[in-house]
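Working notes, beginning with the structure itself.
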Amino acid sequence: MDEKNIPIRTYQVCNVLEPNQNNWLRTDWIPRSGAQRVYVEVKFTLRDCNSLPGVTGTCKETFNLYYHESNEDRESYIKESSFIKVDTVAADESFTQVDVGDRIMKLNTEVRDVKVTTRKGFYLAFQDVGACIALVSVRVFYKTCPLTVRNLATFPDTVTGADTSSLVEVRGSCVNQSEEREEPKMYCGADGEWLVPIGGCLCSPGYQEKSGTCKACSAGFYKARSSDAGCSKCPPHSHSLRDGATVCDCHSGFFRADSDPPSMACTQPPSAPQQLISVVNETSVVLEWSPPRRLGGRSDTSYSLECLICQTGSHSQTGGKLCLPCGSDVLFSPGQAGLKTTRVVVSELRAHTHYTFIVHARNGVSQASGAAGSAQSVSVTVTTNQAAPSPVSYIQATDVTRHSLSLAWQQPDRPNGVILEYEVKFYEKDQRERSYRIMRTFSRSVDVTGLNPLTVYVFHVRARTAAGYGEFSTPFEFSTNSDPFPLIGEGVNSAFLLLSVSGVGILLLISAAVFIISRRRSKYSKTKQDSEEEKHLNPGVKIYVDPFTYEDPDQAIHEFAKEIDVSSIHIERVIGMGEFGEVCSGRLRAQGKREIYVAIKSLKAGYSDKQRRDFLSEASIMGQFDHPNIIRLEGVVTRCKPLMIITEYMENGSLDAFLRKHDGQFTVIQLVGMLRGVASGMKYLSDMSYVHRDLAARNILVNSNLVCKVSDFGLSRVLEDDPEAAYTTRIPIRWTAPEAISYRKFTTASDVWSYGIVMWEVVSYGERPYWDMNNQDVIKAIEEGYRLPAPMDCPVVLHQLMLDCWERDRAERPTFSQILNMLDKLIRNPGTLRLSPPTCLLSPSPWSVCVWLQSIGLERYRDTLAAAGYTSLDNSLSLIAFISAKKTKQKQNRVSFGGEKIQTPTVLCGVIVAQT
């Protein structure tokens, strides 16, 4: 009967009175069906041996579970030796009552897992060796990650991997009416849970996501791009008559430009400009107008001008008479087309000429609408007045003598009427127009006399019509000659003039060069001094910016970290769990760069805004650092889920675990090299005014080349979020300086204290600072002046540097720059890293405690033993008893001498006996 008094069938055996029981029960052949690890759930009841009268030592309270793999169901008999044992199964509950009718069934349920990967199927077998047992049920099953839809990608039912830590990568397929945004992938974990979703799909244009599927947009709605959030209602003046529309059609009379997004309302061309006014000023016209009454619902209205020269009384749009386009010499200010202003000045027109100006209004749909130009334009016809002539463009000098020269010029390009006379203004160049003369002539030439020899003169010419004088020409310079005969008119001495002018030019160039060189030389020393001062005052050191000062954390992350396309990341395996989610290793293949191994931190689903900010803050901090001994941030993934932080991959993991794994395998120089790397990284951080606050060997990462890099920049967030954090277990008391514990005074000096603890960790190969002392004992010991003793085989100079880092007065501690210099000197002079020099070789007694301690490398504990009364080895037995009595429950090689914990070889007592 089961617990409900319902009859059930069981397999049972109870041959407890007979010795040497070996009863087997085997299942039929079970097909594996693709499973790599199966689970066996066994339900059974078991009789307590003590409740069986007359049973001697033959009764058992366990049974054994076996399995055997096979490719086919043909093995009618299988040898016991062919089975592989899974486990010995014991009962948690047993019954004692004899009367079956009155007994309460105590059913046991046990689950065991079996790795089956080599054959198509397997058998299970149960062995009884003398128990009183009833097998109620056996359930055999395997685990799968169930069929699921994530990010619009379907992931099939997937069998878990063979190992409990293995992950099976599965590629998803986009659901109907969707397209791949980036390759959708997930990992099937050993417990049947889906992990680390990557990529996904988006509903195609015209469809939107609803309950994990893509549904068509209904009539009156549309979706233009797959990246749009969902279907949107058709914008004004448009409609969609069918489901799944990607764009809405415009109503009749409304249009959409090619550059308009589908979300923009359909619009119309503008009406014609209004109130066109013209003001004529000689050969210039000022045109002004008002914007169209109807802009068509757009804000991109622009204007263009058309200029026509027409016969008297003609109009290009009404009179039908001949009109020709204006020439290219007509100027429009600020322009002729693409105007946003409603005022244009047209100049350089012909005098006494009829012009027609047409102002067109256009917008983005004017061309698409095909509307006639007249419907969107307004025109005006004007006649220009008499105008002054344009400037003379070229003047030529002939017949140059000592006191005279002849000038000639061409008529202005636009005389704008009959030229009545020309006016010539000239002056000596050195006078700069302070004293000039005027000559007038009716012809296009003039003879200028009364000039000084070898003098440069500046000449301007302008013309006059009935409308008045035009503007003077640009200046033209000519020089008189020292020779009484003409140079140019006869063509006799033109070479001489050329040489004279060239000589003057060369002299001027030489004088200018000498002046510039002398000025530069006089300023050189001052410039050099100023540059040195500027270099001293502005060394160019980058200062750390706290990302928590940003109101928007996304602004900080995008300023200091590079966004990485998630498609370039290939996750290979999960290597741990972080504070916010899984930590994986994988590869990063950025475009144009070689593939590199990286570590990937992901933010688990269901995070809060605070968790997101905290997660990204560490990347915002790391992104500001660029140093070979600081963990390098490759980038972040923030535009899709999950959020990720990508850093360089450090093959050897954390420094403390790495040292414990390789205990005693490095030379002192190698250890100092590791410490030098940490010090170099911390100097860089201190130069940037960044305080780490959590410097410890566990937060130092080691790569394959044994390069140590500072990492983990998250403690500042903890301290800011938790005002009482200094007195909680979240503060690393063993690594934290006293002033930081008591007064929350975190500075670079407190980082130096922590660095001293890191030194002790490195030299002791990952030993826990202060061993098993609790935090309160550590705080009290430090306040009383206790400092960690030198680890075994630690050079004196290194321990002294540790003690300097642990000075109570933080002003007395060395800086990271001084620490780095000290370590560099030690590396350059390895002889300084020897152990303490012998101090008792001249002891009168060859069997003194000092000589013995020195011979086994523990001479530094001489004073401790002397204080306990052990000065010679005559009382060696009591010394052994003393050491044994003080032995603690620390690591096997640590004992206590007089209350001081030390490292000592396991052969300590053997050495004492040998020496005695």
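Numbering (the UniProt record's numbering), first residue to last: 1 to 916. In this text, a Cβ means the ideal position worked out from N, Cα and C, and glycines have one as well. Keep in mind it's a predicted model, so treat the numbers as computed, not measured.
Worksheet item: To which residues of the same chain is residue 704 closer than 8 angstroms at the C-beta, ignoring the five residues directly before and after it?
Response: Excluding residues within five positions, the ones whose Cβ falls inside 8 angstroms are 651, 652.
Worksheet entry | Other residues of its chain near residue 177: CB distance less than 6 angstroms, five sequence neighbours each side excluded | 204, 207, 214
Discussion item. Taking only three categories from DSSP, how would you classify residue 369?
Written reply: helix
Discussion item. Please report the distance separating the alpha-carbon of residue 439 from that of residue 424.
Written reply: 5 angstroms
Worksheet item: Does the beta-carbon distance from residue 289 to residue 268 come in below 8 angstroms?
Response: no
Worksheet item: In angstroms, rounded to a whole number, what distance separates the CA positions of residue 588 and residue 564?
Response: 9 angstroms
Discussion item. In chain order, what are the residue ranges of uninterrupted alpha helix (DSSP H) at least 4 long that sit wholly in the segment 137-171?
Written reply: none
Item to complete: Check the C-beta distance from residue 561 over to residue 635 and give it rounded, since I have them as a contact under 8 angstroms.
Response: The beta carbons of residue 561 and residue 635 sit about 6 angstroms from each other, so the pair counts as a contact at 8 angstroms.
Practice prompt. Could you check the C-alpha separation between residue 385 and residue 470 for me, to the nearest Å?
Written response: Straight-line Cα distance between these residues: approximately 15 angstroms.
Worksheet item: residue 394: buried (16+ other C-beta within 10 angstroms of its C-beta) or exposed?
Response: exposed
Item to complete: Give every residue of the same chain whose Cβ lies closer than 8 angstroms to the Cβ of residue 156, excluding the five residues on either side of it in the sequence, and list them in chain order.
Response: The residues 147, 170, in chain order, have a CB closer than 8 angstroms to that of residue 156 in the same chain once the five nearest residues on each side in sequence are set aside.
Worksheet entry | Among 199, 228, 544, 111, the one whose alpha carbon lies nearest that of residue 209 | 228
Worksheet item: Where does residue 621 fall in DSSP's three states?
Response: helix
Worksheet item: How many angstroms separate the CA atom of residue 93 from the CA atom of residue 109?
Response: 10 angstroms
Worksheet entry | Buried versus exposed call for residue 211 [16 or more other C-beta atoms within 10 Å across all chains shown] | Around the C-beta of residue 211, fewer than 16 other C-beta atoms lie within 10 Å, and the residue is accordingly described as exposed.
Discussion item. To the nearest angstrom, how far is the alpha carbon of residue 16 from that of residue 144?
Written reply: 41 angstroms
Practice prompt. Report buried or exposed for residue 454, applying the criterion of at least 16 other Cβ atoms within 10 angstroms of its Cβ.
Written response: exposed
Discussion item. Just verifying my parser: in three-state terms, what is the DSSP assignment at residue 297?
Written reply: coil
Worksheet item: Rounded to whole angstroms, how far is the Cβ of residue 188 from the Cβ of residue 175, which I believe are closer than 8 angstroms?
Response: Not confirmed; about 19 angstroms, so no contact.
Item to complete: Ignore the nearest five residues each way along the sequence and tell me which others in residue 756's own chain have a CB closer than 7 angstroms to its CB.
Response: 802, 805, 806
Worksheet item: Looking only at its own chain, which residues have a Cβ that is under 8 angstroms from the Cβ of residue 230, when we skip the five neighbours before and after it?
Response: 208, 209, 223
Practice prompt. Tell me, please, whether the CB atom of residue 331 is closer than 8 angstroms to any CB atom in chain D?
Written response: In summary, chain D is missing from the structure at hand, where a single protein chain is found.
Fill in: 7 angstroms CB neighbourhood of residue 69 in its chain, flanking five on each side removed
116, 118, 119, 122
Worksheet item: Which two residues bound the contiguous alpha helix (DSSP H) that contains residue 828?
Response: 816-828
Worksheet entry | Backbone secondary structure at residue 595 - three-state DSSP | coil
Worksheet item: So, do the segment 671-681 and the segment 607-624 have three or more beta carbon pairs nearer to each other than 8 angstroms?
Response: As far as the Cβ criterion goes, the segment 671-681 does not touch the segment 607-624, which means the pair count is below three.
Worksheet item: Between 95, 199, 193, which lies nearest to residue 639 when the distance is taken from Cα to Cα?
Response: 199
Worksheet entry | Helix, strand or coil at residue 231 according to DSSP, with G and I counted as helix | Coil.
Worksheet item: In the segment 678-708, which residue ranges form an unbroken beta strand (DSSP E) of at least 3 residues, counting only runs that do not cross its ends?
Response: 700-702
Worksheet item: Between the C-alpha atoms of residue 4 and residue 124, what's the straight-line distance to the nearest angstrom?
Response: 29 angstroms
Worksheet entry | Beta-bridge partners of residue 303, as assigned by DSSP | 339, 361
Item to complete: Note down the Cα distance separating residue 362 from residue 270, rounded to an integer number of angstroms.
Response: 6 angstroms
Practice prompt. Report all residues from its chain with a CB closer than 8 angstroms to the CB of residue 31; omit the five preceding and five following residues, and keep chain order.
Written response: 120, 121
Worksheet item: Who are the near neighbours of residue 347 in its chain, counting only those whose CB is closer than 6 angstroms to its CB and skipping five residues on each side?
Response: 284, 331
Item to complete: Mark residue 753 as exposed unless 16 or more other C-beta atoms lie within 10 angstroms of its C-beta, in which case mark it buried.
Response: buried
Worksheet item: Span of the beta strand (DSSP E) holding residue 55?
Response: That residue, residue 55, is in no beta strand (DSSP E); it is neither H nor E in DSSP.
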